[in-house]
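Participant: Respectively, the protein sequence lines represent chains A and B. Residues in the first sequence are numbered from 1 upward in steps of one, following my numbering. Residues in the second sequence are numbered from 332 upward in steps of one, following my numbering. Glycine is no exception: its CB is placed at the ideal position from the N, C-alpha and C atoms.
Number of protein chains: 2
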Amino acid sequence: MQDGYIQLAHGNGGRLMRELLESVVFPALGSRESGTDGSAVAPDGRVPVLASDSFTVQPLFFPGGNIGSLAIHGTLNDLAVSGAEPAALTFNLVIEEGFAIAELRSILETAGAAAREAGVAIVGGDTKVVPRGQGSGVLIATTGLGWRKADSMLDIHAVQPGDVVLVSGPVGDHGATVMMAREDFGLSSDLVSDAACILPLARLIREQTGLRFMRDPTRGGLATVLHEIAHATGLGARLQESAIPVRPEVTGVCQLLGFNPLLLACEGRIVAIAAEDAADEILACWRTHPLGSQAARIGTLVPGGTVSLVTPLGGQRFIDELGEDPLPRIC
Amino acid sequence: MQDGYIQLAHGNGGRLMRELLESVVFPALGSRESGTDGSAVAPDGRVPVLASDSFTVQPLFFPGGNIGSLAIHGTLNDLAVSGAEPAALTFNLVIEEGFAIAELRSILETAGAAAREAGVAIVGGDTKVVPRGQGSGVLIATTGLGWRKADSMLDIHAVQPGDVVLVSGPVGDHGATVMMAREDFGLSSDLVSDAACILPLARLIREQTGLRFMRDPTRGGLATVLHEIAHATGLGARLQESAIPVRPEVTGVCQLLGFNPLLLACEGRIVAIAAEDAADEILACWRTHPLGSQAARIGTLVPGGTVSLVTPLGGQRFIDELGEDPLPRIC
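1. Determine the burial state of residue 69 of chain A: buried for a count of at least 16 other Cβ atoms within 10 Å of its Cβ, exposed for fewer.
2. Please classify residue 160 of chain A as buried or exposed, where buried requires at least 16 other C-beta atoms within 10 Å of its C-beta.
3. Indicate whether at least one CB of chain A lies closer than 7 angstroms to the CB of residue 654 of chain B.
4. With a threshold of 6 angstroms on Cβ separation, who are the neighbours of residue 426 of chain B within its own chain once the five nearest residues in sequence on each side are excluded?
5. Which one or two residues does DSSP pair with residue 383 of chain B in a beta bridge?
6. Where in the segment 127-197 of chain A do unbroken runs of the beta strand (DSSP E), each at least 3 residues long, occur, reported from the N-terminal end onward?
7. Note down, in chain order, each residue of its chain lying with its Cβ closer than 8 angstroms to the Cβ of residue 285 of chain A, except the 5 sequence neighbours on either side.
8. With burial defined as no fewer than 16 other Cβ atoms inside 10 Å of the residue's Cβ, what is the status of residue 222 of chain A: buried or exposed?
9. What in chain A is Cβ-close to residue 436 of chain B, meaning under 8 angstroms?
10. For residue 85 of chain A, which residues of its own chain have a beta-carbon under 6 angstroms away from its beta-carbon, when the five flanking residues on both sides are left out?
11. Please decide whether residue 626 of chain B counts as near chain D, where near means a Cβ-Cβ distance under 7 angstroms.
12. Cα separation between residue 544 of chain B and residue 484 of chain B?
13. Can you pull the DSSP bridge partners for residue 648 of chain B?
14. Identify the continuous alpha helix (DSSP H) that holds residue 544 of chain B and give its terminal residues.
15. Tell me whether residue 7 of chain A is buried or exposed, calling it buried when 16 or more other Cβ atoms sit within 10 Å of its Cβ.
16. Please determine, among B:414, B:495, B:402, B:408, the residue with the shortest C-alpha to C-alpha distance to residue 303 of chain B.
17. Which residue from B:566, B:503, B:381 puts its Cα closest to that of residue 590 of chain B?
18. Using DSSP bridges, identify the partner residues of residue 569 of chain B.
19. Which term fits residue 247 of chain A, buried or exposed, when burial requires 16 or more other beta carbons within 10 angstroms of its beta carbon?
20. Does the beta-carbon of residue 648 of chain B have 16 or more other beta-carbons within 10 angstroms, so that it is buried, or is it exposed?
21. Suppose the cutoff is 7 angstroms on Cβ atoms and the five residues either side in sequence are ignored; what does the same chain contact list for residue 278 of chain A look like?
22. Beta-carbon separation of residue 217 of chain A and residue 296 of chain A under 7 angstroms?
23. Taking the continuous alpha helix (DSSP H) assigned at residue 357 of chain B, which residues delimit it?
24. Would you call residue 150 of chain A buried or exposed, if buried means 16 or more other Cβ atoms sit within 10 Å of its Cβ?
25. Of all the CB atoms in chain B, is at least one closer than 7 angstroms to the CB of residue 231 of chain A?
26. Just the C-alpha distance for residue 117 of chain A and residue 395 of chain B, rounded to the nearest angstrom, thanks.
27. If you compare alpha carbons, which of A:75, A:263, A:103, A:195 is closest to residue 228 of chain A?
28. Rounding to the nearest angstrom, what Cα-Cα distance links residue 80 of chain A and residue 336 of chain B in this structure?
29. Counting contacts by CB-CB distance shorter than 7 angstroms, is residue 99 of chain A in contact with chain B?
30. Ends of the alpha helix (DSSP H) at residue 77 of chain A?
31. If residue 509 of chain B and residue 600 of chain B are in contact, beta carbons under 8 angstroms, what's the gap, nearest whole angstrom?
32. Determine the direct distance from the alpha carbon of residue 190 of chain A to that of residue 12 of chain A, and round the result to whole angstroms.
33. Roughly how many whole angstroms lie between the Cα atoms of residue 463 of chain B and residue 133 of chain A?
34. Alpha helix (DSSP H) containing residue 441 of chain B: first to last residue?
35. Just to confirm before moving on: does the CB-CB distance between residue 441 of chain B and residue 408 of chain B stay below 7 angstroms?
Written out as structure tokens, the structure is:
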């Protein structure tokens, strides 16, 4: 990667971001953003897992949540998909000078409620104020400590050709909702973000034999999770377009504005890769829970690193990795 | 606290910040920024401790370090003063659109080197890009996981009247250095930040009988640590002005610009509170290490919640808690 200047697309979860991480961030830090979203740090008994994320969203409040709930759910979800049970959270708050304290209170109360609802304590953090014009209202970074069984086999490298791709519910709700809440398209909609804590869904299936890997499809959406698997393992994915749950409101917004719902962020969904003979049991487990009532089997992993969509008429369409940002930036 | 708007002084570590935390942040989150900088989260065997901080500094590069080393040292230091041995770090990076990748690389290489030097792995994190004008170049949040002996007695509430106040080296170097590096005073100076990993100093004394409490005097400096003790315990501090190590360069800058070095941030010092009969041993331990060569006993804790300075002529001067920010903001 040649040196140059940071573009917004370096943050979109796609190709430019991967290049930035692989050529600049990871070599310098001697670290990587783990393929399981969390990272085991000690090999004895219960294994501690740390997951960490920072949250910027415009607008700060959107139908279905705000940056406060997003910051709690986001890190709990990262722990959940790594197979860990969350034990504690830290909460770093960066506030821009001039921000209204009533709004701050509202954001924090939502965050506190989200943590309490998940039964996880916020045990520390810090608060910084940046000068007016050097922030985006409120920025939050959260880190979670969780515990995973030492013998958990969940791993991006465990996936195999012929494995099934499962999704716990409709995709793209969060991305579509935030875009509509931010941009002045002169449209009204009933869109609501899917933002939620998916820990209950992860608990239902994380001990399941044949479950290989889970990931929450946030930045870059479902397609980007599949591209990450392709980069890590060389296995692509072939999806049945008609099997992918997408709400009609999301489809409508995407058709109108030219977006692909498979590239839009979710904040309350799980993508799971499972052995063929485990898939039905996982779907059945998920469907017992309200968050998983629309869970679906959407495709299979295939040799070769491409992600493609089989259309209802039998055609095949390739979904490229995100390059230059084709979407308004939402996180 | 009445609702209103965030001021820069809400971030200065002083009174306004404490009011914001106590009336808005902690009640909403059901958390507190722990009095030990880290927080024990499970009571069995070795006790895990999480510490978390976010880092903004202008300029990003300053004599003695940059925001990358600061972000690693800051969180390692928080773990260190809570008596914990660090085990792992996470690293959240928020980059402003347009930032030069060569500078980013330099910051991250410094961070990676700081973590390696401390022997602590960066095990996870994430990278976000915010639009031009909504950031301050680079913002970093780090979280550390450490392990503390379950029977550690270190606690802000363990301090007693008559306890001795110790500092591991000269105060105010970081604050004075960053101010001089940022402001165009038309002055040159030989100031260098004290930014460093103080884990070696903490290891030397954390098992010492009679050690009550450690804290690193960052935002708000030495005086603010003593005010925090006063708020938590009702015990004030009486310091001997002539005993407090301050480098001549720092004294010079402060006299010229009207700042109090006791309110300036340090990033490589420890303030320790210890029983009278343990103080000499702690000082002797510290002085065996280059970072502690100028360690000093500077005063005692006294009943009543005031922080005062006994001058060389025997007068007494009270040091108020930071209110409206009297200093250029450095973090």
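Facilitator: Taking the geometry as given:
1. buried
2. exposed
3. no
4. 460, 469
5. B:474
6. 138-148, 164-167
7. 204, 205, 208, 292
8. buried
9. 3, 24, 28
10. 146, 147
11. In the structure shown, chain D cannot be found, because the protein chains are A and B.
12. 8 angstroms
13. B:640
14. Unbroken run through residue 544 of chain B is the beta strand (DSSP E), 542-546; no alpha helix (DSSP H).
15. buried
16. Past the boundaries of the shown model lies residue 303 of chain B; chain B is included only from 332 to 662, so the question cannot be answered.
17. B:503
18. B:631, B:639
19. buried
20. exposed
21. 208, 209, 210, 211
22. no
23. 357-360
24. exposed
25. no
26. 44 angstroms
27. A:263
28. 36 angstroms
29. yes
30. 67-81
31. That pair is no contact at about 15 angstroms.
32. 26 angstroms
33. 10 angstroms
34. 432-449
35. no
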